[in-house]
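Peer 1: Letter by letter, the sequence shown follows residues -29 to -1, 1 to 389 in mature numbering (1 follows the signal peptide of the UniProt record, and there is no 0). Glycine included, every Cβ here is placed at the ideal spot set by N, Cα and C. As the structure is a prediction and not an experimental result, all values here were calculated from the model. This is the structure, below, for whatever I ask next.
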Amino acid sequence: THVGFVPSFFKLLSFNLFNLVTFNGLANSSSYDAFLLDEERGRLLVGAEDHIFSFDLVNINRDHKQIAWPATPSKRDECKWAGKDLGKECSNFIRVLQPFNQTHLYICGTGAFHPICSFLEMGKRAEENIFRLASHFENGRGKSPYDPKMLSASLLIDGELYSGTSADFMGRDFAIFRTLGDHHPIRTEQHDSRWLNDPRFIGVHLIPESDNTEDDKIFLFFKENAMDGEHTGKATIARIGQLCKNDMGGHRSLVNKWTTFLKARLMCSVPGVNGIDTHFDELQDVFLMSSKDPKNPVIYAVFTTSSNIFKGSAVCMYNMADIRRVFLGSYAHRDGPNYQWVPFQGRVPYPRPARHSGDSTPPRTSPMMSSPSPGAGVPSWCEPTWTTSSPSWSWTEWRQRTDSMTSCSSGQVRNFNV
Ligand SMILES: *[C@@H]1O[C@H](CO)[C@@H](O)[C@H](O)[C@H]1NC(C)=O
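See below:
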């Protein structure tokens, strides 16, 4: 489960750490998967199994509201006949909970392996006390996964929904979609492991690149299986992906496909005793700390290791300058005697793919970006704070160690070991 913390709420949480207020609402479920902080109305919205909750931000036990939104009996039957576990999988697990306009949220669930979406009415102000699900439902394919076990992430912006999810019953068709809005839906190439290789999506964020909204970029944080020849013995790789918000798709075989999608490895490692770095690759969560300049948030990412021998977790920070440098760098392609991933040395078409959408030719072989040293990607800014004591992320430990990071965040940039 991942929650995006907003600083003021974060203070509230840490204040309450020693004075925990708990909510024991759904006895047999822990599927609290979708969170939305609504500071304007002072509510925390939570999507769970067959339910949507609205909590008071100060005391979650005061005046909480809930709406039941189960899958229909016929969809539950179909799900069971398809061989799924009626008790564990054939519910409506809420996975998308996003602000749509001043009065409504957009909400989607797995719908017993039949994704559905709807609008949740909230009213303009808290005093109106509105919390109501619309009676009209939409197809949720490409928005919510079918299978509640699949990790997905989404962002609704300007009436368009960006979702990284699986889009079929079998859980084999993974894609980054843009749906809703006036445009035709657009997605990543289907069944092409160079684009996405069994991805598990963690977060989607919009980050402006300039004062012109035409340059806005969408960043996706996910983990996926290493590509062939990328890394021996490493199953999972953490990634950052980039899309232009103004991408309208390409021509011919690329109609309704992204032309600006690029991805790079998100590095988080510490030096080992014998010169072999320990990599944290299991991305668990991402948080953007906004700064005065909306173009340059600081990105915090929480990782664990994939290794069975070394169990640990880490927090790495990234800055936008390093991220932009990698996406403006060389494309990666496979070449040489060992058919390794190396920087592409050939002529890059002009205008450069993934700068702007339009007629430019996208990098057709692979959306992968290279970097000066092979196998590397976006380096972490400052040394990671990490712990081996626990395989799961320890909040308190991280807070104790953050002192060592302050020198770095005040402007002194150290490029950590790539
Ligand atoms: C928000 O969207 C919903 C669903 O389309 C619509 O019914 C409602 O009128 C909209 N509200 C505003 C303030 O535009």
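(1) Just to confirm, does residue 69 get its C-beta within under 8 Å of one of the non-hydrogen atoms of ligand 1?
(2) Thinking C-beta only, is residue 89 closer than 9 Å to residue 78?
(3) Using the three-state DSSP reduction, which class does residue 115 fall into: helix, strand or coil?
(4) Would you list the one or two residues that DSSP bridges to residue 194?
(5) Locate the alpha helix (DSSP H) running through residue 79, then write down its first and last residues.
(6) For ligand 1, any of its heavy atoms closer than 8 Å to the Cβ of residue 279?
(7) Would residue 13 be called buried (16 or more neighbouring beta carbons within 10 Å of its own) or exposed?
(8) Going by the DSSP bridge assignment, what does residue 159 pair with across the sheet?
(9) Rounded to the nearest angstrom, what separates residue 287 and residue 252 at their Cα positions?
(10) Between residue 125 and residue 175, how many whole angstroms is the CB-CB distance? I'm expecting something under 8 Å.
(11) Do residue 67 and residue 115 have their beta-carbon atoms positioned less than 9 Å apart in this structure?
(12) Check residue 328 in the structure and name its three-state DSSP category.
(13) Taking C-alpha atoms, which residue in 232, 94, 82 and 8 lies nearest to residue 43?
(14) Could you give the distance in angstroms between the alpha-carbon of residue 230 and the alpha-carbon of residue 10?
(15) For a quick check, are the C-beta atoms of residue 303 and residue 351 less than 9 Å apart?
(16) Enumerate in chain order the residues of its own chain whose CB-to-CB distance from residue 181 is below 8 Å, with the five nearest sequence positions on each side excluded.
(17) Out of curiosity, what's the CA-to-CA distance linking residue 160 and residue 354?
(18) Are there three or more Cβ pairs, one per stretch, closer than 8 Å when the stretch 91 to 101 is compared with the stretch 50 to 63?
(19) Any heavy atom of ligand 1 inside 8 Å of the beta-carbon of residue 213?
(20) Ignoring anything shorter than 4 residues or poking outside the stretch 43 to 94, list the alpha helix (DSSP H) runs there in chain order.
(21) Excluding sequence positions up to five away, which residues of its chain have a Cβ less than 7 Å from the Cβ of residue 292?
(22) Any heavy atom of ligand 1 within a distance shorter than 8 Å of the CB on residue 235?
(23) Using only the heavy atoms of ligand 1, determine whether one of them is closer than 8 Å to the beta carbon of residue 110.
(24) Figure out for me which residue from 261, 238 and 207 has the closest Cα to the Cα of residue 279.
(25) For a test of your reading of the model: does the CB of residue 90 fall under 8 Å from any non-hydrogen atom of ligand 1? Yes or no.
(26) Following a CB-centred definition, is residue 74 positioned closer than 8 Å to any heavy atom of ligand 1?
(27) Alpha helix (DSSP H) containing residue 12: first to last residue?
(28) Could you work out which residue in 32, 136 and 312 is closest to residue 165 when comparing CA atoms only?
(29) Return the residue from the list 183, 211, 74 and 247 that minimises the CA-CA distance to residue 296.
(30) Going along the chain, which residues of its own chain have a beta-carbon closer than 6 Å to the beta-carbon of residue 170, five neighbours each way excluded?
(31) For residue 105, collect the residues of the same chain with a Cβ closer than 6 Å to its Cβ; drop the 5 residues on either side in sequence, then sort them by chain order.
(32) Near residue 228, what residues of its chain come up, given a Cβ to Cβ distance below 8 Å and the 5 sequence neighbours on each side ignored?
(33) Go ahead and pull the three-state DSSP assignment for residue 251.
(34) How far does the beta strand (DSSP E) with residue 147 in it extend, from its first residue to its last?
(35) Over the uninterrupted beta strand (DSSP E) stretch that includes residue 27, give me the two end residues.
(36) Beta-carbon within less than 6 Å of residue 38's beta-carbon, same chain only, minus the 5 sequence neighbours each way: which residues are those?
Peer 2: Taking the geometry as given:
(1) Numbered from its first residue, the sequence shown carries residue 69 at position 98. For ligand 1, not one heavy atom lies less than 8 Å from the Cβ of residue 69.
(2) Counting from one through the sequence shown, the residue named residue 78 turns up at place 107. Counting from one through the sequence shown, the residue named residue 89 turns up at place 118. Residue 89 sits close to residue 78, with the two beta carbons spaced by under 9 Å.
(3) Along the sequence shown, one-based indexing puts residue 115 at 144. Assignment of residue 115 by DSSP, reduced to helix, strand and coil, places it in the coil class.
(4) In the sequence shown, counting from the first residue as 1, residue 194 sits at position 223. DSSP lists 171 and 209 as partners of residue 194.
(5) As a position in the sequence shown, residue 79 is number 108, starting the count at 1. Residue 79 -> not in any alpha helix (DSSP H); beta strand (DSSP E) instead, spanning 75 to 80.
(6) Within the sequence shown, residue 279 is the residue found at index 308, counting from 1. Annotation for residue 279 indicates a beta carbon at 8 Å or more from all heavy atoms of ligand 1.
(7) On the sequence shown, residue 13 is found 42 positions in, with the first residue counted as 1. Classification of residue 13: exposed, given that the 10 Å Cβ count is below 16.
(8) Here the question's residue 159 lines up with position 188 in the sequence shown. Partner residues in a beta bridge of residue 159, as assigned by DSSP, do not exist.
(9) Along the sequence shown, one-based indexing puts residue 287 at 316. Along the sequence shown, one-based indexing puts residue 252 at 281. Separation of residue 287 and residue 252 (C-alpha to C-alpha, rounded to the nearest whole angstrom) is 11 Å.
(10) As a working note, residue 125 is residue 154 in the sequence shown. As a working note, residue 175 is residue 204 in the sequence shown. Indeed, because the Cβ distance is near 6 Å, the residues count as touching under 8 Å.
(11) Counting from one through the sequence shown, the residue named residue 115 turns up at place 144. Counting from one through the sequence shown, the residue named residue 67 turns up at place 96. Here residue 115 is near residue 67, since their CB atoms are less than 9 Å apart.
(12) Reading the sequence shown from its first residue, position 357 is the one you call residue 328. The pLDDT assigned to residue 328 is 48, lower than 50, so where the model puts this residue is not dependable, and the model offers no usable value.
(13) Position 72 of the sequence shown, counted from the start, is the residue given in the question as residue 43. Ranking the options by Cα distance to residue 43, first place goes to 82.
(14) Along the sequence shown, read from residue 1 onward, the residue named residue 230 stands at position 259. Along the sequence shown, read from residue 1 onward, the residue named residue 10 stands at position 39. Looking at the two C-alpha atoms, the distance is approximately 36 Å.
(15) For the purposes of this step, residue 303 is taken as residue 332 along the sequence shown, with counting starting at 1. For the purposes of this step, residue 351 is taken as residue 380 along the sequence shown, with counting starting at 1. Not a contact, by the Cβ cut-off of 9 Å.
(16) Locating residue 181 in the sequence shown gives position 210, where the first residue counts as 1. These residues qualify, in order along the chain: 266.
(17) Taking the sequence shown and counting its residues from 1, the one referred to as residue 160 is at position 189. Taking the sequence shown and counting its residues from 1, the one referred to as residue 354 is at position 383. Residue 160 and residue 354 have their C-alpha atoms spaced approximately 36 Å apart.
(18) In this structure the stretch 91 to 101 does not touch the stretch 50 to 63; the number of beta carbon pairs closer than 8 Å is below three.
(19) Within the sequence shown, numbered from 1, the residue matching residue 213 stands at position 242. No, the beta carbon of residue 213 sits no closer than 8 Å to any heavy atom of ligand 1.
(20) Listed in chain order, they are 44 to 52.
(21) Counting from one through the sequence shown, the residue named residue 292 turns up at place 321. Contacts found: none.
(22) As a working note, residue 235 is residue 264 in the sequence shown. Residue 235 Cβ: outside cutoff for every heavy atom of ligand 1.
(23) On the sequence shown, residue 110 is found 139 positions in, with the first residue counted as 1. Not one heavy atom of ligand 1 sits closer than 8 Å to the Cβ of residue 110.
(24) Locating residue 279 in the sequence shown gives position 308, where the first residue counts as 1. When each option's Cα is compared against that of residue 279, the closest is 207.
(25) Counting from 1 along the sequence shown, the entry for residue 90 is found at position 119. In this structure, residue 90 has its beta carbon less than 8 Å from a heavy atom of ligand 1.
(26) Taking the first residue of the sequence shown as 1, we reach residue 74 at position 103. Correct: residue 74 has its Cβ closer than 8 Å to ligand 1.
(27) In the sequence shown, the residue the question calls residue 12 occupies position 41. For residue 12, there is no enclosing alpha helix (DSSP H), since its DSSP letter is neither H nor E.
(28) One-based indexing of the sequence shown puts residue 165 at position 194. Comparing Cα-Cα distances from residue 165 to each of 32, 136 and 312, the minimum goes to 312.
(29) For the purposes of this step, residue 296 is taken as residue 325 along the sequence shown, with counting starting at 1. Closest option to residue 296, Cα to Cα, is 211.
(30) Counted from its first residue, the sequence shown places residue 170 at position 199. The residues are 145, 193 and 195.
(31) In the sequence shown, counting from the first residue as 1, residue 105 sits at position 134. Closer than 6 Å at the Cβ level, and outside the excluded window around residue 105, lie 89 and 90.
(32) On the sequence shown, position 257 is the one that residue 228 refers to. Within the same chain, residue 228 has close Cβ partners 157, 158, 159, 160, 220 and 221.
(33) Translated into positions along the sequence shown, residue 251 becomes position 280. Residue state, collapsed to three classes: coil.
(34) Indexing the sequence shown from 1 puts residue 147 at position 176. Where residue 147 is concerned, the enclosing beta strand (DSSP E) stretches over 145 to 150.
(35) In the sequence shown, the residue the question calls residue 27 occupies position 56. Run containing residue 27: 22 to 27, per the beta strand (DSSP E) assignment.
(36) Start at 1 with the first residue of the sequence shown, and residue 38 comes out as number 67. The answer, listed in chain order, is 23 and 104.
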